[in-house]
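Have a look at the structure below before the remarks.
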Amino acid sequence: MKHVDVVFQVDEELKTQADLLFEDLGMSLSTAFNIFLRQSVREQRMPFAISREVPNAATRAAMETAENGEDMYGPFESVESLMEALNA
Numbered sequence: 000m001k002h003v004d005v006v007f008q009v010d011e012e013l014k015t016q017a018d019l020l021f022e023d024l025g026m027s028l029s030t031a032f033n034i035f036l037r038q039s040v041r042e043q044r045m046p047f048a049i050s051r052e053v054p055n056a057a058t059r060a061a062m063e064t065a066e067n068g069e070d071m072y073g074p075f076e077s078v079e080s081l082m083e084a085l086n087a
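The letter at position 81 of the sequence shown is residue 80 when you use numbering that gives the first Met the number 0, and the numbering goes up by one with no holes.
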């Protein structure tokens, strides 16, 4: 099978991170890219889900509250006390 060169632009930090990941997995970036292309052709689609599922404002606010350690409850002494807190 004849090989051809493919040239594409990628962020330097992303390439560094990808190189480290694939090295840890025992392959080169070229091998990983070939796997991606083969799987794409085999499935006739992107081999993973692509979505724009972005948290809404309420979810983002809840995430920020949790990240800040606010409004946290527990530990609970019993299942009953946990259920009371959940139902409050």
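Note that the Cβ used here is the ideal one computed from N, Cα and C, for glycine as well.
Would the beta-carbon of residue i fall within 8 Å of that of residue j?
i     : j     : result
Leu28 : Phe21 : yes
Phe75 : Ala84 : yes
Considering Cα atoms alone, identify which of the options is closest to residue i.
i    : options                : result
Val6 : Leu24, Phe32 and Ala17 : Phe32
Taking DSSP as the reference, what is the three-state secondary structure of residue i?
i     : result
Met71 : coil
Leu24 : coil
Arg51 : coil
Glu42 : helix
Phe32 : helix
Lys14 : helix
Ser80 : helix
Met0  : coil
By Cβ distance, which residues of its chain are closer than 8 Å to residue i, with the 5 residues on each side in sequence left out?
i     : result
Met62 : Pro54
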